[in-house]
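Here the structure comes first, spelled out in structure tokens, and everything after it is commentary.
Number of protein chains: 2
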Amino acid sequence: MTSKLRIIPLGGLGEIGKNMTVIEYEEHMIIIDAGIMFPENDMLGIDLIIPDYNYILDKKEQVRAFLITHGHEDHVGALAHVMRDVDAPIYGTKLTIGLIRSKIKDRGLGGVVNLNTIKAGDVFQVGPFKVEPFHVTHSIPDGVGYGITSPVGLIVHSGDYKFDHTPVDGWPPDFAKLAEFSNRGVLCLLADSTNAERPGWTPSESVITSALNDLFREAKGRIIVATFASLISRIQQVVNTAARFDRKLAITGRSMVVNSRIARDLGYLKIPDEMLVDINQVKKIPPEKVVILATGSQGEPTAAIGRLAHGRHAKLSIQEGDTVVLSAHPIPGNEEMIYRIINRLLQRGAEVLHEDIANVHVSGHASREEMKLLINLVKPRFFIPVHGELRHLKAHGKLASEMGVPKDNIAIVENGTILELDQYSLSVGPRLPGGYIFVDGSGVGDIGPAVMRDRERLADSGFFVAVIILDKDRRIIGKPKFISRGFVYLDESGDLLLGAQEAIGAVISAKDKGRDNLTKQLENALSRYFYAETGRRPMVHVVVR
Amino acid sequence: MTSKLRIIPLGGLGEIGKNMTVIEYEEHMIIIDAGIMFPENDMLGIDLIIPDYNYILDKKEQVRAFLITHGHEDHVGALAHVMRDVDAPIYGTKLTIGLIRSKIKDRGLGGVVNLNTIKAGDVFQVGPFKVEPFHVTHSIPDGVGYGITSPVGLIVHSGDYKFDHTPVDGWPPDFAKLAEFSNRGVLCLLADSTNAERPGWTPSESVITSALNDLFREAKGRIIVATFASLISRIQQVVNTAARFDRKLAITGRSMVVNSRIARDLGYLKIPDEMLVDINQVKKIPPEKVVILATGSQGEPTAAIGRLAHGRHAKLSIQEGDTVVLSAHPIPGNEEMIYRIINRLLQRGAEVLHEDIANVHVSGHASREEMKLLINLVKPRFFIPVHGELRHLKAHGKLASEMGVPKDNIAIVENGTILELDQYSLSVGPRLPGGYIFVDGSGVGDIGPAVMRDRERLADSGFFVAVIILDKDRRIIGKPKFISRGFVYLDESGDLLLGAQEAIGAVISAKDKGRDNLTKQLENALSRYFYAETGRRPMVHVVVR
Chain A
1 MTSKLRIIPL GGLGEIGKNM TVIEYEEHMI IIDAGIMFPE NDMLGIDLII PDYNYILDKK
61 EQVRAFLITH GHEDHVGALA HVMRDVDAPI YGTKLTIGLI RSKIKDRGLG GVVNLNTIKA
121 GDVFQVGPFK VEPFHVTHSI PDGVGYGITS PVGLIVHSGD YKFDHTPVDG WPPDFAKLAE
181 FSNRGVLCLL ADSTNAERPG WTPSESVITS ALNDLFREAK GRIIVATFAS LISRIQQVVN
241 TAARFDRKLA ITGRSMVVNS RIARDLGYLK IPDEMLVDIN QVKKIPPEKV VILATGSQGE
301 PTAAIGRLAH GRHAKLSIQE GDTVVLSAHP IPGNEEMIYR IINRLLQRGA EVLHEDIANV
361 HVSGHASREE MKLLINLVKP RFFIPVHGEL RHLKAHGKLA SEMGVPKDNI AIVENGTILE
421 LDQYSLSVGP RLPGGYIFVD GSGVGDIGPA VMRDRERLAD SGFFVAVIIL DKDRRIIGKP
481 KFISRGFVYL DESGDLLLGA QEAIGAVISA KDKGRDNLTK QLENALSRYF YAETGRRPMV
541 HVVVR
Chain B
1001 MTSKLRIIPL GGLGEIGKNM TVIEYEEHMI IIDAGIMFPE NDMLGIDLII PDYNYILDKK
1061 EQVRAFLITH GHEDHVGALA HVMRDVDAPI YGTKLTIGLI RSKIKDRGLG GVVNLNTIKA
1121 GDVFQVGPFK VEPFHVTHSI PDGVGYGITS PVGLIVHSGD YKFDHTPVDG WPPDFAKLAE
1181 FSNRGVLCLL ADSTNAERPG WTPSESVITS ALNDLFREAK GRIIVATFAS LISRIQQVVN
1241 TAARFDRKLA ITGRSMVVNS RIARDLGYLK IPDEMLVDIN QVKKIPPEKV VILATGSQGE
1301 PTAAIGRLAH GRHAKLSIQE GDTVVLSAHP IPGNEEMIYR IINRLLQRGA EVLHEDIANV
1361 HVSGHASREE MKLLINLVKP RFFIPVHGEL RHLKAHGKLA SEMGVPKDNI AIVENGTILE
1421 LDQYSLSVGP RLPGGYIFVD GSGVGDIGPA VMRDRERLAD SGFFVAVIIL DKDRRIIGKP
1481 KFISRGFVYL DESGDLLLGA QEAIGAVISA KDKGRDNLTK QLENALSRYF YAETGRRPMV
1541 HVVVR
């Protein structure tokens, strides 16, 4: 009897099977990607999230390799954390490894980690797995999917992909390899579901060219293009258009500067030396002769565009005649911040072009017709939609089923679910406990639901602390000392504080109550009083000494 | 020399000229609408926002009338606040007044307020203004715009509108009146800019019918439709479809129950008695024989759909086979909550249809081709785009200018700006101070930027309070008492607290420091210590007694 292959997407709710996926056979484990998630708006104070990888830690001697699909944060960002605990080689293409190396160096793990550069088309063995990276097109160059021949059969993982016939780097997806996999017989396909609700075919990255040409032709002043720092092909298009229109290029925003340097050093981004100018030089160039690449396309107030919008950029300020281009799609949850920044830029006199009103962005992910092509190319027996929220996975699963994949051969699961696969069946096992690990400041995993709930409550109504000193006869010495933030403006709340003092006095002087629960009684009395007076429920604490 | 007419949109940043607009001539003021704004995600703890109406308060004897365009919260929701301070008649159509009456009663202003029911087509005089409400189509019935003949000329205000030729209530917009205004000569048009970035023509509300028919035909189990409680015409369509497919109707969610009762009582919503069932009866009806109307289309966790998604609805729970329809467009900022609720509903086994994947919603606002028609019908000399963020106003202004309205005759301003108009010119005056008034609990306007900043900081890192009792020789009596929430989990932070104790001890025992700034020194020492240990910056307060 042969063993089964286990496939486990790690992480919490949100996007499933995106950040970190375990593939395990007997004593051998490989891990596809190790990325971070971005906190949602109500995850207060959290900087970033990494998938709960306790499952890996428990078997860390069995980890044979990390196979990385591409260099985006949500696929590589957790390596700097995970590699402190796990010693296994990392495999990725040249650009991917270049980006990982830079991040790992930042975290002081420079010499320790075993980084291996591979090429699409390579074949290598990792434990019992034959691994075959194949080229895919996405919004960063040098992306791959993986064919993994395991003892139970061939697994194909799409990575993040779209089928772009005219990619900016001229390297189309490897349809032949997919067809070859299909000829060999694919047991299971794991495929990107991001755009499973979007009909049709995602436009090629090249369609941006004509929008950029139009706007460069019409812009009378400076052009400022904000996009993701990792969107190297978009950056290349801006460079190419700047060359056509004879504009110099300056770059602002740390991640944009770092990423474009790495991509340029490794040959993935071509910028003529004479075109690049320092951001400090921009003021000396006529406005119609310069384009500025900037971070902040998601409306982040501290990124370059955010600082420009709020007049807080050290080197630049928005002027009448500037054209700002937001060349990105809002990540759900960021819409409000993005629109706010658009309004602020308009207020300062800029023209603003964004996805809603100009063709300045295309997605890096396949739409429904591409998904159909992938399934028909690969012809998998079993299908696991990954990379998406549950709604995307359901839509992708439905699409596969409409194309003839039997419903029982499709597994739509949430992160942490153990899937078991052999030649004949795909079964859904139990779900691992845990979900994600919050990173806040330098703390990793020390913030849990209790602290988050406290932050929610503090965000809503603030806190109120009263310090009371009693003498031996239980009389208050002096006045109570009050500390409060986020509740009311204390300087203008004299009456409220007098009332609080009276409420405290009433509890203290009630003779029939023991000292034991005096603190609790005082806290309850103050809470009731504040709610009656203000309709708010601050966190109330009383210290009796 | 004649006086000028003043037009002042009140409010803060966000949507401009939507919630409350002053029109003033000499000693006479009329106010168009008095609505609330909804807080943005980072306005922590704020329940709602009303425009700063100090300008009105300063001249409250001069207020001749409130002219209300329609019954939506962002046009009537502030009346319950404003009417405490201002005594002037309110004019609105029957449904609008019905909705206002209900809200004002809730706030205990029942008998006090002077409510006047008008009809589209009426003509009445208010001070020096001749007022002519005209019928418009929008996502609530009985909406009007206003023609206002002032001493300087005829002003036309569109209200919220779309040009729906086949509205659900069979009452199309009054094109004839707009043409008549145009014949008389329109000095200035104020028009809804909400969809100024959207090309084409907004589909008729009636197109929803076919989507509803399809889904009622296919649904095997219960159908649960979530929409805005004020979207009476959408509710009517669900009722009509339920009748066609022989399903009973139940309603859940307070505002949905109240609004549909009012609209039904006033004849704007037609539901046969025998179709309505109580929400408690739903369990006794076969699933394929019932449709449920619910609140919560914006993902609000405490509304009916939110409670269903989280398994916290008292009367119902989602079951396999349910079809949930989110018949609404996300208000920017709500996307994340909405998608979360969709995922939760799917998790519980429901099918979920929403705008991205089915034609279950259309906008209530005009798109660009309708805007062009309005401008060509009305032929105004001056144009003021209103109802929208700055980006929408700019787009609307550009559209008007492309249609031949001279640029100098178009005023794009922010809320609080005083516009002055006579027969020959439209000039932009100074901007009033203020912006909006936060409502938090029962407090109106007592929360300002300082409290908001505190809440942000508390949300990010929580607080830490240390209470220290010193004896006469400046030695600590007992142990310091620590209170902290939202920072770290105290029960698991023994080492951190020991370190804090040491940091306090070090400051106290330093001999060369005076008592005066001891508190400040202790707070600084603790802040530094916490940042070094955790990378976080909680609010730190020390009480020394």
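Chains as they are written, first to last, in the working numbering: chain A, 1 to 545; chain B, 1001 to 1545.
Backbone N, C-alpha and C fix where the C-beta goes; we use that ideal spot for every residue, glycine too.
Note that this is a predicted model, so its numbers are computed, not measured.
Between the beta-carbon of residue i and the beta-carbon of residue j, is there less than 8 angstroms?
i	j	result
Val1542/B	Leu1470/B	no
Arg1340/B	Ala1196/B	no
Asp1160/B	Gly1364/B	yes
Thr323/A	Leu215/A	yes
Ala191/A	Met371/A	yes
Ile1031/B	Met1020/B	yes
Asp174/A	Ser233/A	no
Ala1088/B	Arg1107/B	no
Lys248/A	Val277/A	yes
Val1113/B	Phe1124/B	no
Val439/A	Ile49/A	yes
Ile412/A	Gly429/A	no
Looking at the C-beta of residue i, does it have a partner C-beta in chain A at a distance below 8 angstroms?
i	result
Ile1357/B	yes
Val1238/B	no
Asn1054/B	no
Ile1342/B	yes
Gly1441/B	yes
Ser1003/B	no
Glu1335/B	yes
Lys1394/B	yes
Gly1221/B	no
What does residue i pair with, by DSSP beta-bridge criteria?
i	result
Arg1006/B	Glu1024/B and Glu1420/B
Thr1137/B	Lys1162/B
Ser427/A	Glu420/A
Asp85/A	Bridge partners of Asp85/A: none, in fact.
Tyr1529/B	DSSP output for Tyr1529/B lists no bridge partner at all.
Val144/A	His135/A
Met539/A	Phe463/A
Within 8 angstroms of any Cβ in chain B, is that where the Cβ of residue i sits?
i	result
Arg391/A	yes
Tyr339/A	yes
Asp446/A	yes
Ala226/A	no
Ala497/A	Note on identity: in this sequence residue 497/A is Leu, with Ala being the wrong assignment. False, the Cβ-Cβ gap to chain B never drops below 8 angstroms.
Asn41/A	yes
Glu402/A	no
Glu197/A	yes
Val451/A	yes
Gln501/A	no
Can you tell me whether residue i sits near the ligand FAD, meaning its C-beta is under 7 angstroms from at least one heavy atom of the ligand?
i	result
Gly170/A	This structure simply doesn't include the ligand FAD, nor any ligand for that matter.
May I have a chain-ordered list of the beta strand (DSSP E) segments no shorter than 3 residues that lie completely inside the stretch 1323-1408 of chain B?
1323-1326, 1351-1354 and 1380-1386
What residues from the stretch 1416-1428 of chain B come within 8 angstroms of chain A, judged by C-beta to C-beta, listed N to C?
none
For the stretch 1321-1332 of chain B, which residues have a beta carbon sitting closer than 7 angstroms to at least one beta carbon of chain A?
Pro1332
Residues of the stretch 1517-1542 of chain B whose Cβ lies closer than 7 angstroms to any Cβ of chain A, in chain order
Thr1534, Gly1535, Arg1536, Met1539 and His1541
Closer than 8 angstroms, Cβ to any Cβ of chain A: which residues of the stretch 1471-1492 of chain B, in chain order?
Lys1481, Ile1483, Arg1485, Gly1486, Phe1487, Val1488, Tyr1489 and Glu1492
Which parts of the stretch 201-288 of chain A are runs of the alpha helix (DSSP H), unbroken and 4 residues or longer, counting only runs that do not cross its ends?
208-218, 232-244 and 254-265
Beta strand (DSSP E) runs contained entirely in the stretch 8-76 of chain A, provided each spans 3 or more residues
21-25, 28-32, 48-51 and 63-67
Could you name the residues of the stretch 56-84 of chain A whose beta carbon sits closer than 7 angstroms to any beta carbon of chain B, in the order they occur along the chain?
none
In chain order, what residues of the stretch 1350-1383 of chain B put their CB closer than 8 angstroms to some CB of chain A?
Val1352, Asp1356 and Ile1357
Residues of the stretch 1455-1469 of chain B in Cβ contact with chain A at a cutoff of 7 angstroms, in chain order, please.
Arg1455, Leu1458, Ala1459, Asp1460, Ser1461, Gly1462, Phe1463, Val1465, Val1467 and Ile1469
Residues of the stretch 1290-1318 of chain B with Cβ closer than 7 angstroms to any Cβ of chain A, in chain order
none
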